[in-house]
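Since the structure comes first, as structure tokens, the remarks are kept for the end.
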Amino acid sequence: MVLYGYTIGDADINPSQGGEQFAVYRFPISSPNSTPQKVGEINAANIPNADLEGLGTNPTTGRASAINEARASGSTTAGSVIRINNVDQPFAPASASPTPTPSDVRRFGFDSGADFGRDFSAAGQPIVLYNISGNNSGSNAGSSLYKVTTANPGTISLVDGFGAPTTAAQRQGTQATNPGKFADGLAIDNLNPGRSRALASDFSTADGDGAQLYKVDLLTGELSAPIALRTPSGQALNVNADSGLAFTNSGSQRLLAFLETGAVYEITGYQDELAASGLSLGSAGGANGARFATATLLGTVPLPSAASGDIDYEGFTIVNE
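Letter by letter, the sequence shown follows residues 764 to 1084 in this note's numbering.
See the structure below:
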């Protein structure tokens, strides 16, 4: 068995064909600098807001799925939710449009991360696809967490069970349930499952709050206080890029981040934070109880047009094949 990382480009690679053709690539986790393999193309002709930034691997089936961003770039209106199944190898994508529950649910934000995990609000804790959707700029910065059932087409609902009752603005995606806390990557620990065994990532520094992680409560949708990311030498990590996040969830567990440029980081030092009880709590890693984790660059996947910025690769998941 070999661990592979998967990602999807956000630009049309076959302009001569109808619609937009988004390429899906995989690369060995053990050798991120190696040439990636193209495993297929997703025809996005019928997919609104088609930037497929959220990628996750179902721990039951071992197959990877993608979910689109909430809003197209420049749009103020949330579009349809599209889940694309089986984007791993063997490549056999099929799209589904989950039904909003309640009917007025619309996702917040412009950036997405995703992963599969247990639904801690349901009997038997079935596997669902979680989607963190956020906005990293302006007075309306923040994130909201959603879950999509695995039925076809299934349902999508807002995860919000903390603080004041959910507002109409939060349901309709014009206000975040976690104001001021932007994240666009999501990784769920399925080797040691629990309602707060999940992390979200924000590698953007343009929003003024540095690169960081958040612990995630999968039952309430709440994000913790930030866990600052540092370089191995102890300096603040300054990369300013959109990110994907994934656990290996196989053998010796590792937490990896993938940036839109193809850069792959391993994150360590988060373990005490993940195990800490309560989302406002964590191990004291520095002065005034500051919380830290270390991000080490493993390499950069040489994806087509990534270095130039002509194609961004933001979604990330790991599959054991």
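We treat Cβ as the ideally placed atom computed from N, Cα and C, and that holds for glycine. All values reported here derive from a predicted model rather than from experimental measurement.
Distance, Thr798 Cα to Thr824 Cα = The residue you call residue 824 lines up with position 61 of the sequence shown. The residue you call residue 798 lines up with position 35 of the sequence shown. Cα to Cα, the separation comes out at about 27 Å.
Any chance the stretch 993 to 1009 sits against the stretch 943 to 956, with 3 or more Cβ pairs inside 8 Å?
-> yes
Contact check, Ala877 vs Asp851 under 8 Å by CB: the rounded distance?
-> Locating residue 877 in the sequence shown gives position 114, where the first residue counts as 1. Locating residue 851 in the sequence shown gives position 88, where the first residue counts as 1. No, Ala877 and Asp851 are not in contact; Cβ-Cβ is about 14 Å, not under 8 Å.
Contact check, Arg1017 vs Thr1011, beta carbons under 7 Å | One-based indexing of the sequence shown puts residue 1017 at position 254. One-based indexing of the sequence shown puts residue 1011 at position 248. Yes, Cβ-Cβ distance for Arg1017 and Thr1011 is below 7 Å.
Between the C-alpha atoms of Arg846 and Pro916, what's the straight-line distance to the nearest angstrom?
-> Start at 1 with the first residue of the sequence shown, and residue 846 comes out as number 83. Start at 1 with the first residue of the sequence shown, and residue 916 comes out as number 153. Taking the straight line joining both Cα atoms gives about 9 Å.
Of all the options Leu1037, Asp1035, Leu1019, Glu1036, which has the alpha carbon lying nearest to the alpha carbon of Glu1029?
-> Indexing the sequence shown from 1 puts residue 1029 at position 266. Nearest option by C-alpha distance: Leu1019.
Spatial neighbours of Asn899 in its chain, beta-carbon cut-off 6 Å, leaving aside the 5 residues before and after = As a working note, residue 899 is residue 136 in the sequence shown. Once the five neighbours on either side are set aside, the close Cβ partners of Asn899 are Phe945, Ser967, Asp970.
Local Cβ density within 10 Å of Thr840, reported as buried at 16 or more and exposed below that = In the sequence shown, the residue the question calls residue 840 occupies position 77. By the 10 Å Cβ count, Thr840 comes out exposed.
Where does the unbroken alpha helix (DSSP H) through Leu1037 begin, and where does it stop?
-> Taking the sequence shown and counting its residues from 1, one reaches residue 1037 at position 274. Unbroken alpha helix (DSSP H) run through Leu1037: 1034 to 1038.
For Phe871, collect the residues of the same chain with a Cβ closer than 6 Å to its Cβ; drop the 5 residues on either side in sequence, then sort them by chain order.
-> Position 108 of the sequence shown, counted from the first residue, corresponds to residue 871. Only Ser896, Ser907, Gly936, Ala939 meet the Cβ criterion.
Cβ contact (3+ pairs, closer than 8 Å) linking the stretch 810 to 819 and the stretch 875 to 889 = yes
Spatial neighbours of Pro1031 within its chain, please: CB distance less than 8 Å, with the 5 preceding and 5 following residues excluded, ordered by chain position.
-> Position 268 of the sequence shown, counted from the start, is the residue given in the question as residue 1031. Residue identity differs from the one stated: residue 1031 is Thr in this sequence, not Pro. Excluding positions up to five away in sequence, the list reads Leu1018, Ala1056, Thr1057, Thr1059.
Just the Cα atoms here: how many angstroms apart are Gly1078 and Ala932?
-> Stepping through the sequence shown from its first residue, residue 1078 is reached at position 315. Stepping through the sequence shown from its first residue, residue 932 is reached at position 169. Looking at the two C-alpha atoms, the distance is approximately 27 Å.
Counting only the same chain and skipping the five closest in sequence on each side, list residues whose C-beta sits under 7 Å from that of Asp1073.
-> Sequence index remark: in the sequence shown, residue 1073 carries index 310 (1-based). Once the five neighbours on either side are set aside, the close Cβ partners of Asp1073 are Ala774.
Backbone secondary structure at Ala1050 - three-state DSSP | To locate residue 1050, count along the sequence shown from 1; it is residue 287. At Ala1050, the pLDDT of 42 sits below 50, so the modelled position is not reliable; the number obtained from the coordinates is stated separately. Reduced to three states, the DSSP call for Ala1050 is helix.
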